[in-house]
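Take 0 as the starting number for the sequence shown in numbering that gives the first Met the number 0 and just add one per residue. Yeah, the Cβ is synthetic: ideal placement off N, Cα and C, and Gly gets one too. Bear in mind the structure is a predicted one, so any value in this text is a computation, not a measurement.
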Amino acid sequence: MHALIVGCKRHDRESQRQLYIQYYGYCFSICLRYCRTAEEAKEVTNDGFMKIFQKIDQYKPDTSFKAWIRRVMINASIDHYRKENKHYYQQAVDEVSDRFSVRSTAVEELSHKELMAMVQCLTPAYRMVFNLYAIDGYTHEEIGVILGISTGTSKSNLAKARGRLRNMLEKMKERAYAKSV
Numbered sequence: 000m001h002a003l004i005v006g007c008k009r010h011d012r013e014s015q016r017q018l019y020i021q022y023y024g025y026c027f028s029i030c031l032r033y034c035r036t037a038e039e040a041k042e043v044t045n046d047g048f049m050k051i052f053q054k055i056d057q058y059k060p061d062t063s064f065k066a067w068i069r070r071v072m073i074n075a076s077i078d079h080y081r082k083e084n085k086h087y088y089q090q091a092v093d094e095v096s097d098r099f100s101v102r103s104t105a106v107e108e109l110s111h112k113e114l115m116a117m118v119q120c121l122t123p124a125y126r127m128v129f130n131l132y133a134i135d136g137y138t139h140e141e142i143g144v145i146l147g148i149s150t151g152t153s154k155s156n157l158a159k160a161r162g163r164l165r166n167m168l169e170k171m172k173e174r175a176y177a178k179s180v
């Protein structure tokens with residue numbers, strides 16, 4: 000791995016190609032969580048790789064390379080979101096509860112792929128906050144700074160995202176029940 004990174008730092012095309020091949024699936028899966036379509040995720044993934052190759056000198060060898068790449072891909076996804084939504088007006092609302100509870104086995108029966116498909120159905124603003132908070136572990140304060148929104152808006156968007164996911168789960172449960180009857 001070290002030799003591959005050194006090669007990329009020297010702008011060696013073969014090293015860059017090998018790094019791309021080795022990490023494409025991992026990076027694509029990160030971007031897909033933030034994007035509505037696979038095509039959009041491919042675009043963001045490729046933008047992310049361009050940033051990796053441009054900024055590879057900033058990678059510190061004493062840290063996890065995979066974690067560094069993950070951070071670059073999340074930032075590329077956020078940049079894409081900002082670019083696509085720069086004229087989008089997000090109205091601030093009162094703070095809402097952070098609790099999310101679905102007392103159903105439907106969640107346990109969902110595959111990762113099904114859950115990610117549901118998350119992709121969320122609006123870009125809700126999807127971004129949901130991913131940053133629930134999957135990537137950011138605080139609402141950090142999300143506010145990253146996305147340029149208030150803490151209250153972050154909390155509201157998370158609650159609304161969870162509400163929409165809850166509704167999708169309920170509909171899924173109803174369809175499953177209807178099929179069994």
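query, result
"Would you report the Cα separation of Arg35 and Ala124, rounded to the nearest angstrom?", "11 Å"
"Going by C-alpha distance, which of Val118, Phe64, Thr138 is nearest Gly162?", "Val118"
"Ile68 and Cys30: beta carbons closer than 8 Å?", "no"
"Consult DSSP for Tyr125 and reduce its assignment to one of helix, strand or coil.", "helix"
"Among His1, Arg81, Asn45, which one has its Cα closest to the Cα of Ile148?", "Arg81"
"Counting only the same chain and skipping the five closest in sequence on each side, list residues whose C-beta sits under 8 Å from that of Glu83.", "Pro123"
"Hey, quick one: how far does the alpha helix (DSSP H) through Ser14 stretch, first residue to last?", "12–33"
"Evaluate Ser100 with the Cβ neighbour count: other Cβ atoms within 10 Å of its Cβ, from every protein chain shown; 16 or more gives buried, anything less gives exposed.", "Note that Ser100 scores a pLDDT of 37, beneath 50, so its modelled location is shaky; the value from the coordinates is reported in the next line. Exposed is the call here."
"Spatial neighbours of Ile73 within its chain, please: CB distance less than 7 Å, with the 5 preceding and 5 following residues excluded, ordered by chain position.", "Ile29, Asp135"
"For Val128, which residues in the same chain have their Cβ closer than 7 Å to its Cβ, ignoring the five residues on either side in sequence?", "Ile142, Ser153, Asn156, Leu157, Ala160"
"Check Tyr80 in the structure and name its three-state DSSP category.", "helix"
"Helix, strand or coil for Cys7 per DSSP?", "helix"
"Am I right that His10 and Asp46 are in contact with their C-beta atoms under 8 Å? What's the rounded C-beta distance?", "Their Cβ separation, rounded to whole angstroms, is 18 Å, which puts His10 and Asp46 out of contact at 8 Å."
"Let me check you understand the geometry: is the CB of Asn130 closer than 7 Å to at least one non-hydrogen atom of the ligand MN?", "Only the bare structure without any ligand can be found here, which leaves the ligand MN out of the picture."
"Please identify the residue among Arg126, Glu113, Ser179 whose C-alpha is closest to the C-alpha of Leu168.", "Glu113"
"Which residue comes first and which comes last in the alpha helix (DSSP H) that contains Asn166?", "150–179"
"If you drop the 5 nearest sequence neighbours on each side, which residues of the same chain put their C-beta closer than 7 Å to that of Gln15?", "Cys7, Phe52"
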